[in-house]
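Peer 1: Just dropping this structure here.
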Amino acid sequence: NAGVTQTPKFRILKIGQSMTLQCTQDMNHNYMYWYRQDPGMGLKLIYYSVGAGITDKGEVPNGYNVSRSTTEDFPLRLELAAPSQTSVYFCASTAGWVDEKLFFGSGTQLSVL
Amino acid sequence: AQSVTQPDIHITVSEGASLELRCNYSYGATPYLFWYVQSPGQGLQLLLKYFSGDTLVQGIKGFEAEFKRSQSSFNLRKPSVHWSDAAEYFCAVGARNTGNQFYFGTGTSLTVIP
Numbered sequence: 003n004a005g006v007t008q009t010p011k012f013r014i015l016k017i018g019q020s021m022t023l024q025c026t027q028d029m030n031h032n033y034m035y036w037y038r039q040d041p042g043m044g045l046k047l048i049y050y051s052v053g054a055g056i057t058d059k060g061e062v063p064n065g066y067n068v069s070r071s072t073t074e075d076f077p078l079r080l081e082l083a084a085p086s087q088t089s090v091y092f093c094a095s096t097a098g099w100v101d102e103k104l105f106f107g108s109g110t111q112l113s114v115l
Numbered sequence: 192a193q194s195v196t197q198p199d200i201h202i203t204v205s206e207g208a209s210l211e212l213r214c215n216y217s218y219g220a221t222p223y224l225f226w227y228v229q230s231p232g233q234g235l236q237l238l239l240k241y242f243s244g245d246t247l248v249q250g251i252k253g254f255e256a257e258f259k260r261s262q263s264s265f266n267l268r269k270p271s272v273h274w275s276d277a278a279e280y281f282c283a284v285g286a287r288n289t290g291n292q293f294y295f296g297t298g299t300s301l302t303v304i305p
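Going line by line, the protein sequences match chains A and B.
What the first sequence shows, in this note's numbering, is residues 3 to 115, in sequence order.
What the second sequence shows, in this note's numbering, is residues 192 to 305, in sequence order.
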C-alpha cells in the first residue's frame with residue numbers, strides 16, 4: 003500500500019496565485035485532515051473530513067478551501083496565496099475515531115514570495 | 192478548550208542516557224493521547240497511544256509513556272537513547288467532542304550527543 007500520498011513535495015508561489023495541494027489515500031479511510039506546520043508552532047488543523055461529501059473547518063481555515071468528492075481524495079485549495087501561507091502542509095488520514103492513529107503523508111513545502 | 196503543552200522546546204542528551212519528554216494536556220473528558228515522532232523531511236509516525244487500561248504504555252523503538260490523570264500529563268520516556276532517536280517529538284490529544292479532531296503540542300526537538 004502507498005498509504006497517504008501528497009503532491010507536490012515543493013512549490014514556490016507568487017503572492018495572489020492559486021494552487022491545489024493534492025492528497026490521496028488508498029486505505030479506505032473515512033477521516034482525512036490537513037495540517038500546516040510552522041516552526042515552533044506544532045501542527046495546526048486547517049480542515050478535516052469525516053467522509054465523502056462532508057468537510058469542516060479546523061483551527062486555521064482562513065485562506066483555504068477543501069472538497070471531498072471521493073473517499074480517496076482530499077485536495078486543499080489556496081485561492082489567493084499570501085506570504086503567511088508559507089508553511090509545510092501535511093495531509094493525514096485515519097480509519098476510525100480518535101482512538102486510531104493518524105497516517106501522514108510526507109508533506110508539501112510551500113513558499114509564497 | 193482542548194490543548195497540549197510541551198514545555199521543552201529543545202532537549203540535548205548523550206547517547207546511552209535516559210530521556211523524558213514532558214507533555215501536559217487540557218481536556219474535559221477522557222483523553223485519547225498519542226506521541227508521534229518526526230524525522231527531518233518526513234511525516235509523523237506514531238510511537239504509542241493511550242486511551243484506557245494500564246496507564247503505562249509501551250511503544251515502538253523502546254519508548255514508553257505514563258498517563259497521570261491527576262497531573263494531566265503523558266510523559267514520554269526511554270531508558271537509553273540511541274543516536275537515531277534524534278528527531279522532533281509531538282504529543283497529541285484526540286478530542287471526540289469536537290468532531291474527531293486531533294490537537295498537537297508544539298513539539299520537542301531532541302539532539303543526541305555521541
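Cβ coordinates follow ideal geometry from the N, Cα and C atoms, glycine included.
By how many angstroms is the C-alpha of asparagine 215 of chain B removed from the C-alpha of leucine 267 of chain B?
Peer 2: Near 11 Å, if we compare the C-alpha coordinates of asparagine 215 of chain B and leucine 267 of chain B.
Peer 1: Can you tell me which of the three DSSP states lysine 11 of chain A falls into?
Peer 2: The answer is coil: DSSP assigns lysine 11 of chain A none of H, G, I, E or B.
Peer 1: Going along the chain, which residues of the region 26-43 of chain A sit with their C-beta nearer than 9 Å to a C-beta in chain B?
Peer 2: For the region 26-43 of chain A, which is checked against every Cβ of chain B, the residues closer than 9 Å are Tyr33, Tyr35, Tyr37, Gln39, Gly42, Met43.
Peer 1: Pop quiz: phenylalanine 92 of chain A and leucine 45 of chain A are said to be a contact at Cβ under 8 Å. What is the actual Cβ separation, rounded to whole angstroms?
Peer 2: Confirmed, Cβ separation roughly 7 Å.
Peer 1: In angstroms with no decimal places, state the Cα-to-Cα distance between serine 217 of chain B and serine 263 of chain B.
Peer 2: So the two alpha carbons sit approximately 7 Å from each other.
Peer 1: Near glutamate 61 of chain A, what residues of its chain come up, given a Cβ to Cβ distance below 7 Å and the 5 sequence neighbours on each side ignored?
Peer 2: Cβ within range, chain order: Lys46, Leu47.
Peer 1: Sort out for me which residues DSSP pairs lysine 46 of chain A with in a bridge.
Peer 2: DSSP lists A:Arg38 as partners of lysine 46 of chain A.
Peer 1: If you follow the beta strand (DSSP E) that tryptophan 226 of chain B is part of, which residue opens it and which one closes it?
Peer 2: Run containing tryptophan 226 of chain B: 223-229, per the beta strand (DSSP E) assignment.
Peer 1: Pick from A:His31, A:Pro10, A:Ile17, A:Tyr37: whose alpha carbon is nearest that of threonine 73 of chain A?
Peer 2: Considering only alpha carbons, the answer is A:His31.
Peer 1: Just mark methionine 34 of chain A as buried or exposed, buried being the case when its beta carbon has 16 or more other beta carbons within 10 Å.
Peer 2: Looking at its Cβ environment, which holds 16 or more other Cβ atoms inside 10 Å, methionine 34 of chain A is buried.
Peer 1: In chain B, which residues lie with their C-beta within 9 Å of the C-beta of leucine 15 of chain A?
Peer 2: Here the premise fails: no neighbours, minimum Cβ distance about 20 Å.
Peer 1: What span of residues does the beta strand (DSSP E) with threonine 96 of chain A cover, start to end?
Peer 2: Counting along the chain, the beta strand (DSSP E) containing threonine 96 of chain A begins and ends at 89-96.
Peer 1: Where does aspartate 245 of chain B sit, in a helix, a strand or coil, going by DSSP?
Peer 2: Reduced to three states, the DSSP call for aspartate 245 of chain B is coil.
Peer 1: Mapping DSSP to helix, strand and coil, what is arginine 287 of chain B?
Peer 2: If DSSP states are grouped into helix, strand and coil, arginine 287 of chain B belongs with the helices.
Peer 1: Counting along the chain, where does the beta strand (DSSP E) carrying arginine 260 of chain B start and finish?
Peer 2: Arginine 260 of chain B -> no beta strand (DSSP E), and no H or E assigned at all.
Peer 1: How would you write the range of the beta strand (DSSP E) that leucine 82 of chain A sits in, first residue to last?
Peer 2: Unbroken run through leucine 82 of chain A: none, as it is neither H nor E.
Peer 1: Contact check, cysteine 282 of chain B vs glutamine 197 of chain B under 8 Å by CB: the rounded distance?
Peer 2: That pair is a contact at about 6 Å.
Peer 1: Would leucine 235 of chain B and glycine 250 of chain B qualify as a contact pair, given that the criterion is a beta-carbon distance under 7 Å?
Peer 2: Cβ distance not < 7 Å, so leucine 235 of chain B and glycine 250 of chain B don't count as in contact.
Peer 1: Below 9 Å on C-beta distance, what does lysine 269 of chain B contact in chain A?
Peer 2: Near lysine 269 of chain B there are no residues of chain A at all, since even the closest Cβ is about 19 Å away, more than 9 Å.
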